[in-house]
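In what follows, a structure is listed as C-alpha cells, so that the remarks can point back to it.
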Amino acid sequence: MDHFPILLEICKPPFKPTAPFKFNAAWMQEESFRQLFIETWQHLSRDVMEDKSFLFMENLKRMKKVTMDWAKKGSKNKMKI
Numbered sequence: 053m054d055h056f057p058i059l060l061e062i063c064k065p066p067f068k069p070t071a072p073f074k075f076n077a078a079w080m081q082e083e084s085f086r087q088l089f090i091e092t093w094q095h096l097s098r099d100v101m102e103d104k105s106f107l108f109m110e111n112l113k114r115m116k117k118v119t120m121d122w123a124k125k126g127s128k129n130k131m132k133i
C-alpha cells in the first residue's frame with residue numbers, strides 16, 4: 053500500500069489565558085506610580101448612582117492596563133509585572 057489517509061481537524065487553537073496581573077508592592081515607593089494612581093482611579097461621589105462594585109471593577113481594569121504600560125515604559129519601575 054503506497055497511500056495513507058491523512059486525518060485533519062480544523063479548529064481554532066486552544067484558548068491561552070493571559071498571565072495573571074501581579075502587583076509589585078515596591079511600585080508604591082515610586083512617586084510616578086502614586087501620581088498615576090491619582091490620575092487613573094475614579095473616586096465615588098455621594099451623588100453617583102452607579103453600582104459601586106461595577107465602578108470598583110472598572111477602576112481595577114483601568115489600573116491594570118495603565119500600570120502595565122507604566123511598568124514597561126519606565127527604567128526604575130521595570131520590576132516584575
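For our numbering, count along the sequence shown from 1 and bump the result up by 52. Cβ coordinates follow ideal geometry from the N, Cα and C atoms, glycine included. It should be emphasised that the depicted structure is a prediction, and the values quoted were computed from it without experimental measurement.
C-beta atoms of residue i and residue j nearer than 8 angstroms
{"i": "Gln94", "j": "Leu112", "result": "no"}
Cβ separation of residue i and residue j, assumed to be a contact under 8 angstroms, to the nearest whole Å
{"i": "Phe73", "j": "Lys116", "result": "5 angstroms"}
Residue of the options minimising C-alpha distance to residue i
{"i": "Trp41", "options": "Ser105, Glu91, Leu59, Pro57", "result": "Within the shown structure, residues of the chain are numbered from 53 to 133, placing residue 41 beyond reach of any answer."}
Counted within 10 angstroms of its Cβ, other Cβ atoms place residue i as buried (16 or more) or exposed
{"i": "Phe75", "result": "exposed"}
{"i": "Thr119", "result": "buried"}
{"i": "Phe85", "result": "buried"}
{"i": "Leu60", "result": "exposed"}
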